[in-house]
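Protein chains in written order, with our numbering: chain A, 5 to 79; chain B, 208 to 337.
See below:
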């Protein structure tokens, strides 16, 4: 079991990655304030595949980082 | 009195968090792109599949006009969906193929924003609900 960390520390450790967090605190905007890092990957689908093993835990997907400046979104 | 929800800004885009869950299961918090150009709220098909949702050829589909033409996306009813302080049960969402490096888990579309009469204040980076 990993330690519960504040979100500031998680963001420092996993820059430019997706993090799957078993959260212990969220604010009113559903932003995680602290939790346990279950997994991390640059590929979010890797984390999706872990969901079945964490059915009994409240988890959050958190992307740590900003969009690249040269990336445009048109969906 | 309106409720105020700050959004996260990255580049020229706004993001907000939502949670989804199956009945009797723990919630999953997601990162959604706030998209007034999207008529329907949509979630990653891989995510929906791992949440236990399934679809088949007989599942209702919606035609989506994208930059690459028209595609068909299954419409999946999510047991519950919570966003901007509003909880919806059996919310229909589109199951879409998002690029791996899309930086989002899904899209918060106009169906949700209109239903709850959301006002997006771009300057203050917030969404207001009545």
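Yeah, the Cβ is synthetic: ideal placement off N, Cα and C, and Gly gets one too.
Range of the contiguous alpha helix (DSSP H) that encloses residue i
i: residue 209 of chain B; result: Unbroken run through residue 209 of chain B: none, as it is neither H nor E.
i: residue 339 of chain B; result: It is not possible to answer for residue 339 of chain B, since the shown part of chain B is limited to 208 through 337.
i: residue 329 of chain B; result: First-last for residue 329 of chain B: undefined, no H or E at that position.
i: residue 50 of chain A; result: 48-52
Bridge-paired residues (DSSP) for residue i
i: residue 248 of chain B; result: Answer is none; residue 248 of chain B lacks a bridge partner.
i: residue 239 of chain B; result: B/223 and B/313
i: residue 25 of chain A; result: A/41 and A/64
i: residue 36 of chain A; result: A/30
i: residue 273 of chain B; result: B/276
i: residue 282 of chain B; result: B/301
Proximity winner among the options, relative to residue i (alpha-carbon distances)
i: residue 58 of chain A; options: A/42, A/10, A/13 and A/34; result: A/42
i: residue 60 of chain A; options: B/270, B/231 and B/337; result: B/231
i: residue 7 of chain A; options: A/22, A/38, A/71 and A/34; result: A/38
i: residue 283 of chain B; options: B/259, B/221, B/330 and B/239; result: B/259
Run of the beta strand (DSSP E) containing residue i, from where it starts to where it stops
i: residue 232 of chain B; result: Run containing residue 232 of chain B: none; DSSP gives neither H nor E here.
i: residue 9 of chain A; result: 8-10
i: residue 296 of chain B; result: 293-303
Query raised in the report: Quick one, which residues of the stretch 234-245 of chain B are near chain A if we go by CB-CB under 9 angstroms, in chain order?
Result: 234, 235, 236, 237, 238, 240, 242, 244 and 245
Report task. May I ask you to list, following chain order, the residues of the stretch 6-39 of chain A that have a beta carbon less than 8 angstroms from some beta carbon of chain B? Result -> 27, 30, 32, 33, 34, 35 and 36
Query raised in the report: For the stretch 60-72 of chain A, which residues have a beta carbon sitting closer than 9 angstroms to at least one beta carbon of chain B?
Result: 60, 61, 62, 63, 64, 65, 66, 67, 69, 70, 71 and 72
Query - Within 7 angstroms of chain A by C-beta, residues of the stretch 292-325 of chain B in sequence order - result: 307, 310, 312 and 314
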